[in-house]
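Visitor: Take this structure, written in structure tokens, and hold onto it; I'll ask about it next.
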Amino acid sequence: MITINTLAYDICYTARKIYQFLTNEFKKFDITPEQFIILATLFEQEGISQMDLALKLDKDKNTVKAIIDNLEKKGFLFKGENKIDKRASLSL
Numbered sequence: 001m002i003t004i005n006t007l008a009y010d011i012c013y014t015a016r017k018i019y020q021f022l023t024n025e026f027k028k029f030d031i032t033p034e035q036f037i038i039l040a041t042l043f044e045q046e047g048i049s050q051m052d053l054a055l056k057l058d059k060d061k062n063t064v065k066a067i068i069d070n071l072e073k074k075g076f077l078f079k080g081e082n083k084i085d086k087r088a089s090l091s092l
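If you read the sequence shown in full-length UniProt numbering, its first letter stands for residue 1, the second for the next number, and so on.
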């Protein structure tokens with residue numbers, strides 16, 4: 001019989017295994033799953049600001065900034081200036 005506890009455990013276990021698999025796959029490209037999510041979002045919405053990116057991904061702005069800084073150092077993206085509102089925008 002499946003109970004709510006076993007279902008919750010199975011979901012958490014599966015999520016953990018998926019995360020481990022993705023972590024191993026993304027190592028080939030020297031990125032983490034979190035970095036991939038940011039890159040995928042930028043691919044869809046190039047020029048988005050860091051603040052808007054943090055809001056869209058429901059992540060802390062300081063966490064997003066740290067991930068972005070790391071990706072910029074690796075050459076995956078660059079920060080530019082949005083000509084309309086003068087805030088930094090992100091591009092691949």
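The C-beta atom is built at its ideal place from N, Cα and C for all residues, glycine as well.
If you measure between the beta carbons of Q35 and L71, is that distance less than 8 Å?
Guide: Contact: yes.
Visitor: Our contact map puts L53 next to I31 with C-beta atoms below 8 Å; I'd like the distance itself, whole angstroms only.
Guide: Contact flag wrong, Cβ pair sits at about 16 Å.
Visitor: Tell me which residues share the same chain as L22 and place their Cβ nearer than 6 Å to its Cβ, disregarding the 5 neighbours each side in the sequence.
Guide: Here the set comprises P33.
Visitor: Using the rule of at least 16 other Cβ atoms within 10 Å of the residue's Cβ for burial, across every protein chain shown, is I67 buried or exposed?
Guide: Flag for I67 reads buried.
Visitor: What residue does the alpha helix (DSSP H) around K17 start on, and which one ends it?
Guide: It spans I4 to K27 - the alpha helix (DSSP H) in which K17 sits, taken as one unbroken run.
Visitor: Determine, using beta carbons only, whether Q50 and K65 come nearer to each other than 8 Å.
Guide: Against a cut-off of 8 Å, the Cβ pair of K65 and Q50 comes out as a contact.
Visitor: Could you pull out every residue in the same chain whose Cβ sits closer than 8 Å to the Cβ of K61, ignoring the five residues on either side in sequence?
Guide: Excluding positions up to five away in sequence, the list reads Q50, M51 and A54.
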